[in-house]
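Presented below is the structure to which this report refers.
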Amino acid sequence: MGLANIEELYNDCLYHIFDFLTTEDRIIFAQVCHRFRQLFINHCAAKYRVYTLDKDSSRLELIQFCICRETVECLTIDLDHFDTARCYRTYGCETPENCFQILCQTLAGMLRLEHLVVKQESMLVTPIQKPFDQILTAVRHLPKLRRLEIRARDDSSFDRVSQLCHLEELQMLVPKISLAALVKCCRSSGNLRSLHLGYACIQKNLSHIVPHCKNLKVLKFGMPANSSEYVQLARLPKLGELSYFGIRRSGSFEPLLSALAAKSQLTHLSIDGGSLTMQETCQLVRIQSLRHFKGFYSTTDCVEMLGCLANLEELCVSIFCPTDISNNLLPIIAKCKNLKLLQISGGNVNTKSLNDAISLRKSEPVALVLK
Numbered sequence: 104m105g106l107a108n109i110e111e112l113y114n115d116c117l118y119h120i121f122d123f124l125t126t127e128d129r130i131i132f133a134q135v136c137h138r139f140r141q142l143f144i145n146h147c148a149a150k151y152r153v154y155t156l157d158k159d160s161s162r163l164e165l166i167q168f169c170i171c172r173e174t175v176e177c178l179t180i181d182l183d184h185f186d187t188a189r190c191y192r193t194y195g196c197e198t199p200e201n202c203f204q205i206l207c208q209t210l211a212g213m214l215r216l217e218h219l220v221v222k223q224e225s226m227l228v229t230p231i232q233k234p235f236d237q238i239l240t241a242v243r244h245l246p247k248l249r250r251l252e253i254r255a256r257d258d259s260s261f262d263r264v265s266q267l268c269h270l271e272e273l274q275m276l277v278p279k280i281s282l283a284a285l286v287k288c289c290r291s292s293g294n295l296r297s298l299h300l301g302y303a304c305i306q307k308n309l310s311h312i313v314p315h316c317k318n319l320k321v322l323k324f325g326m327p328a329n330s331s332e333y334v335q336l337a338r339l340p341k342l343g344e345l346s347y348f349g350i351r352r353s354g355s356f357e358p359l360l361s362a363l364a365a366k367s368q369l370t371h372l373s374i375d376g377g378s379l380t381m382q383e384t385c386q387l388v389r390i391q392s393l394r395h396f397k398g399f400y401s402t403t404d405c406v407e408m409l410g411c412l413a414n415l416e417e418l419c420v421s422i423f424c425p426t427d428i429s430n431n432l433l434p435i436i437a438k439c440k441n442l443k444l445l446q447i448s449g450g451n452v453n454t455k456s457l458n459d460a461i462s463l464r465k466s467e468p469v470a471l472v473l474k
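Residue numbers (the numbering used here): 104 to 474.
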């Protein structure tokens, strides 16, 4: 039967033929016959709507994935798939560049792609130059791409991230990204709502993004800096969730917390690195909009002050203090009427006295978690 005859068959006949073909034959027919390609896509679309290309993906899976590119909505690319030794072993091709170029050409046709993850979690030996930038260039015109996550172990070029214009969520867990590229990205993606940066991937002047992030609601970062640098972040007009992780100077958040208290719109705050001082806590408890808080302390007096956060719903405290802190937690249980979760890591706690206090509450019970 010739190609012209196949084109004239009814769909049910094509489905019967499809069922009898091997995977290799299905791919061949899909590559030369438009109707069979559409049949192939209809049959395999669900598998590739959310897809991960990893080190164990076979050559046939890659080809099928490329055929179904218009249906892909969420894609994870593990660059270890293109490691030189693995590429030879898996494909038997001359160079990994051939496979990578096929992928980049396929990416440009993923018109439904909404979420892209590109990661490099192990040492990569490959002749491919600037793989992240090549991928970012390939997807720069995709209209539905809203979420981008990049995780890299080694230094690489990420400058092309500034070409993306429709991002709403950006995660850059990388060793380093140029400030200029990040600022351009924030400027071009005016609807950016969430930004997550790896520790110290920006060395200084993170505040330069503030004028271009009018819709940013979530910021997660870690960057050793002076208090004057941190305080500028309070100017983000819609900031509702702020997370900091890693080393910082003692007391460096006092001006920032004071500025956030003046606006009173922050609902989530996590400071995962460095014990909060008494001065910082005095400013922190003024942020009455807070519903979720996580922090580190080395003194019990600061913990007791958290009872002033009347709207608190979840509290996670790590304390490095050998004394019993149960009495310091009682005001929190009594005053925070909306509290649903109290998680304590470290420190000595009298579980019975805390549970007795919780049982006396007239509002919803509190889940007590000790680590």
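Even glycine gets a Cβ: it sits at the ideal position worked out from N, Cα and C.
Original post:
Would you report the Cα separation of A148 and L216, rounded to the nearest angstrom?
Top reply: 13 Å
**OP:** Sort out for me which residues DSSP pairs Y347 with in a bridge.
**Re:** F324 and I374
**OP:** Using DSSP bridges, identify the partner residues of Y400.
**Re:** In DSSP, Y400 forms a bridge with I422.
Subject >> Selected residue, minimal CA-CA separation from K287, among C316, S421, I461 and P468 >> reply: C316
Subject >> Cβ-Cβ separation, D159 to L227 (assumed contact under 8 Å), whole Å >> reply: No, L227 and D159 are not in contact; Cβ-Cβ is about 16 Å, not under 8 Å.
Original post:
Within 10 angstroms of its Cβ, does S466 collect 16 or more other Cβ (buried), or is it exposed?
Top reply: exposed
**OP:** Within 10 angstroms of the Cβ of N458, are there 16 or more other Cβ atoms? Answer buried if so, exposed if not.
**Re:** exposed
Original post:
For I280, which residues from the same chain have a beta carbon less than 6 Å from its beta carbon, with the 5 sequence-adjacent residues on both sides left out?
Top reply: F261 and C304
Subject >> 6 Å Cβ shell around G410 - same chain, five flanking residues per side excluded >> reply: Residues P434, I435 and K438 of the same chain have their beta carbon placed closer than 6 Å to that of G410, with the five preceding and five following residues left out of the count.
**OP:** Label I205 either buried or exposed according to how many other C-beta atoms from any shown protein chain fall within 10 Å of its C-beta, with 16 as the threshold for buried.
**Re:** exposed
**OP:** Counting only the same chain and skipping the five closest in sequence on each side, list residues whose C-beta sits under 8 Å from that of D404.
**Re:** M381 and N431
Original post:
Helix, strand or coil: how does DSSP classify L457 here?
Top reply: helix
Original post:
With distances taken between CB atoms, is the gap from L342 to Q368 smaller than 9 Å?
Top reply: In contact: L342 and Q368 (Cβ atoms closer than 9 Å).
Subject >> Contacts around V475, its chain only, beta-carbon distance under 8 Å, and the 5 residues preceding and following it disregarded >> reply: What is shown of the chain runs 104 to 474, which leaves residue 475 out entirely.
Original post:
For R249, which residues from the same chain have a beta carbon less than 8 Å from its beta carbon, with the 5 sequence-adjacent residues on both sides left out?
Top reply: E217, H218, H269, L270, E271 and E272
**OP:** Could you check what DSSP says for R296 in three-state terms: helix, strand or coil?
**Re:** Under the three-state reduction of DSSP output, R296 falls in the coil class, being neither helix nor strand.
Subject >> Rounded C-alpha distance that separates L360 from I422 >> reply: Rounded to whole angstroms, L360 to I422 spans 20 Å at the Cα level.
**OP:** Measure the Cβ-Cβ separation of T229 and P199 and say whether it is below 9 Å.
**Re:** yes
Subject >> 4 or more residues per run - each alpha helix (DSSP H) lying fully within the segment 200 to 267 >> reply: 234 to 241
Subject >> Proximity winner among K247, D257, R256 and R290, relative to V264 (alpha-carbon distances) >> reply: R290
**OP:** Return the first residue and the last residue of the alpha helix (DSSP H) that A437 is part of.
**Re:** S429 to K438
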